[in-house]
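Here the sequence shown stands for residues 19 to 235, where the numbers follow the numbering used here.
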Amino acid sequence: MTSAEPLVYYPAYCFHLSPTVNKWCPLRAVDIQGLECRPGFEADNVYFSLNHPIRWVRVVGVVVAIDEYYGRRIYTVDDSSGKCVECSLDVPKPADSTRRNGLIGDATPAEPVKDAPYSDIDVGMVIDVKGSTKLFRGQKQIHIQKLQRIRSTNQEVQFWNKIRDFRRDVLSQPWTLGKREVRQCKKQYLADVDVDEERKKRKKENGYALDSNSLGR
């Protein structure tokens, strides 16, 4: 594929062949904010770099802010790439009757929850965040799956090397599949759909038979 050719966005049933979709993709915050949304893929929570589908990301940077909200905590991470990225963590909801009654919105700051995960992380610490990408108020966020503190400059350098290698070896060129590969993926997808539909049909028929038997008693 030459640079003049349009990008090909393959159907989701081809994603299992992608080098990115099931990988913790090492990215900069500016790269995460630049990921593209494509119509038809919203339900899959997938974003794109060129035509590479990306669901899981990894970023390393310093925590510059921590905000507590009802049921979630937001770490704002700055990796010196020119953009920050908010990383959202689900935390236990406080036993507060006012909040349970819905009188205070989710965006209202809350008191920190005791014994919540990663409570030892503070502003100024460097952290390694892994999670899924989501859109919140027009900005990309990371929904945290894993988080750990980075304690040495050497670890940061290693991560930046991973970003460099990943961009060079994977993201610098479009993802390409042969027509035969796409046909095989589609064939398998349609077969899986047929099996699923047949399973649902049998389940419905069995349920109807059970209802009919119970009515005859």
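Backbone N, C-alpha and C fix where the C-beta goes; we use that ideal spot for every residue, glycine too.
Note that this is a predicted model, so its numbers are computed, not measured.
Tell me, to the nearest whole angstrom, how far the beta carbon of residue i is from that of residue j; I am working on the premise that it is less than 8 Å.
{"i": "Lys152", "j": "Asn63", "result": "7 Å"}
{"i": "Lys200", "j": "Tyr28", "result": "The question names Lys, but residue 200 is Val in the sequence shown. Their Cβ separation, rounded to whole angstroms, is 7 Å, which keeps Val200 and Tyr28 in contact under 8 Å."}
Excluding the five sequence neighbours on either side, which residues of its own chain have a C-beta within less than 7 Å of the C-beta of residue i, listed in chain order?
{"i": "Ser36", "result": "His70, Pro71 and Trp193"}
{"i": "Ser115", "result": "In this prediction, Ser115 has a pLDDT of 44, which is less than 50 and means its spatial position is unreliable; nothing more can be read from the coordinates."}
{"i": "Lys101", "result": "Ala47, Val48 and Gln51"}
{"i": "Leu189", "result": "Ser67, Leu68 and His70"}
{"i": "Leu195", "result": "Tyr28, Cys32 and Leu35"}
{"i": "Leu53", "result": "Tyr65, Phe66, Ser67, Ile72, Thr151 and Lys158"}
Bridge partners of residue i, per DSSP?
{"i": "Pro29", "result": "None; Pro29 has no bridge partner."}
{"i": "Phe66", "result": "Glu54 and Pro71"}
{"i": "Pro44", "result": "Arg76"}
{"i": "Glu23", "result": "Partner(s): none; Glu23 has no beta bridge."}
Could you name the residues of the same chain whose beta carbon sits closer than 8 Å to that of residue i, not counting the 5 residues immediately before and after it, in chain order?
{"i": "Ser150", "result": "Asn63, Arg73, Trp74, Val75, Ile160, His161 and Gln163"}
{"i": "Ile139", "result": "Val81, Ile84, Tyr93, Ile145, Leu165 and Arg167"}
{"i": "Lys41", "result": "Trp74"}
If you check the beta carbons only, do residue i and residue j fall under 8 Å apart?
{"i": "Tyr65", "j": "Lys204", "result": "no"}
{"i": "Glu86", "j": "Gln157", "result": "no"}
Ignore the nearest five residues each way along the sequence and tell me which others in residue i's own chain have a CB closer than 6 Å to its CB.
{"i": "Arg91", "result": "Leu107 and Val109"}
{"i": "Ser99", "result": "Arg46, Ala47 and Val48"}
{"i": "Phe184", "result": "Pro44"}
{"i": "Asp96", "result": "Gly79, Val80, Val82 and Cys102"}
Within the chosen definition, does the segment 144 to 160 reach the segment 168 to 186 through at least 3 CB pairs nearer than 8 Å?
-> yes
Are three or more beta carbon pairs between the segment 75 to 86 and the segment 40 to 50 nearer than 8 Å?
-> yes
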